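1 is the number of the first residue of the sequence shown in full-length UniProt numbering; add one for each residue after it.
For every residue, glycine included, the Cβ atom is placed at its ideal position computed from N, Cα and C.
Keep in mind that this is a model prediction, so the values were computed, not measured.
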Amino acid sequence: SIVGLWRICSEFSQSNSIFSSRSGFKCENNDAIVLSPEEKGKQSTGVLVGQMANRYAEQKKRLRDLHAKRNEACKLNHLEVVEEDRRAKLPANHEARKRRAEWELDDIRKREEAEAAGESYERVKLLETGADEAARDANLRKKKGVNRDEGFSSFEQATIRQHDKLTRAIKPDMEAYKYEKEVMGDAFYPSTSTIVHGIREDSKEGVTRMVQDLEKQIRKRGKFSRRRTYDPDADIDFINERNMRFNKKIDRFYGKYTLEIKQNLERGTAV
């Protein structure tokens, strides 16, 4: 406090005056101003008080700056936590969709600028495309065109695709067709009242061919797997592909329970 500081300075000045009176020091210059011990004590006390006051002001300013920096750090940390929570609630493909939307807006803007200048946008775009990029795009379009799979849209479309595929694999045997037509007679073109059960028997070759085709479909279905797109913006919490698949399975069942623990470990706020 100021009272304690003044008391320390007073004691220091008294000790200084006693030391000056006992030393017997005399100034040889008669023209110089000679101060009494009381005046010297007051002068040294004033200097010391001024120094202590300046030091106190500097420390107070430093403490005030530290408080301001601490408050700013707390504010920035809170904003970062809010932003991290906002990013965590976004879809997994948010960044890719954002880049796609920005690219589409930029493409529309360039197209409008080309139309305003009376130029063909496709020509301008091709002139700005490098040879390597053009070759890569051409190979990609060619690959997509050859291996294009429309995928499943409805049961009707899937049935039509299967029917077309099976009919393309059929190799007609006209001799067997004519022989079967002669044997069956009118039952070859059945009506609603025709009973065909027991009239026609399937050949062993046909049964074997059907079994082989079914086994082929089973083997192909076992090798088929949907290609999953890689998300470069996702968190990397795996060391290899096998560990990545294992982590996805674990996260599917326990992700909602371990999400908060994982976030605390990443932020360093875990207890």
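Ordered along the chain, which non-local residues of its own chain (more than five positions away) have a Cβ less than 6 Å from that of residue i?
i: K26; result: In this predicted model, K26 has a pLDDT of only 43, less than 50, meaning its place in the structure is not dependable enough to derive any value.
i: R221; result: none
i: K181; result: F188
Express the C-alpha separation of residue j and residue i in angstroms, rounding to a whole number.
i: K142; j: A114; result: 28 Å
i: K61; j: A53; result: 12 Å
i: R219; j: E241; result: 24 Å
i: D235; j: G255; result: 14 Å
i: Q59; j: E104; result: 57 Å
i: N247; j: R99; result: 27 Å
i: A73; j: A57; result: 24 Å
i: E102; j: E215; result: 48 Å
i: R55; j: R70; result: 22 Å
i: E128; j: E122; result: 10 Å
i: T258; j: N264; result: 10 Å
i: R64; j: E260; result: 36 Å
i: H78; j: R97; result: 27 Å
i: K165; j: F155; result: 15 Å
i: E201; j: A158; result: 30 Å
i: K223; j: L90; result: 34 Å
i: V47; j: K75; result: 42 Å
i: L66; j: Q51; result: 23 Å
i: D137; j: D107; result: 17 Å
i: T167; j: T208; result: 17 Å
i: G198; j: I160; result: 30 Å
i: T45; j: E83; result: 57 Å
Measure how close the beta-carbons of residue i and residue j come, nearest whole angstrom, since I'm counting them as under 8 Å.
i: D231; j: A92; result: 6 Å
i: V196; j: P190; result: 5 Å
i: D251; j: E95; result: Not really, about 19 Å apart at Cβ, beyond 8 Å.
Apart from the five residues just before and just after residue i, which ones in its own chain have a Cβ nearer than 8 Å to its Cβ?
i: M244; result: F238
i: L125; result: Checking the sequence, you will find Lys at residue 125 rather than Leu. Hits under 8 Å: K110.
i: S120; result: A114
i: D186; result: T194
Please determine, among the options, the residue with the shortest C-alpha to C-alpha distance to residue i.
i: S203; options: Y179, D233 and A187; result: Y179
i: M210; options: F224, A169, R221 and D173; result: A169
i: D213; options: T194, Q162, D107 and E104; result: Q162
i: E266; options: D85, G198 and A187; result: D85
i: A88; options: K262, T269 and F224; result: K262
i: E205; options: T167, H78 and K171; result: K171
i: G268; options: E112, V81 and V47; result: V81
Any heavy atom of the ligand GDP closer than 6 Å to the CB of residue i?
i: R252; result: Only the bare structure without any ligand can be found here, which leaves the ligand GDP out of the picture.
Please confirm whether residue i has its beta-carbon closer than 7 Å to some beta-carbon of chain D.
i: T194; result: Absence of chain D from the displayed structure is noted, only one protein chain being present.
For residue i, which residues in the same chain have their Cβ closer than 7 Å to its Cβ, ignoring the five residues on either side in sequence?
i: D132; result: none
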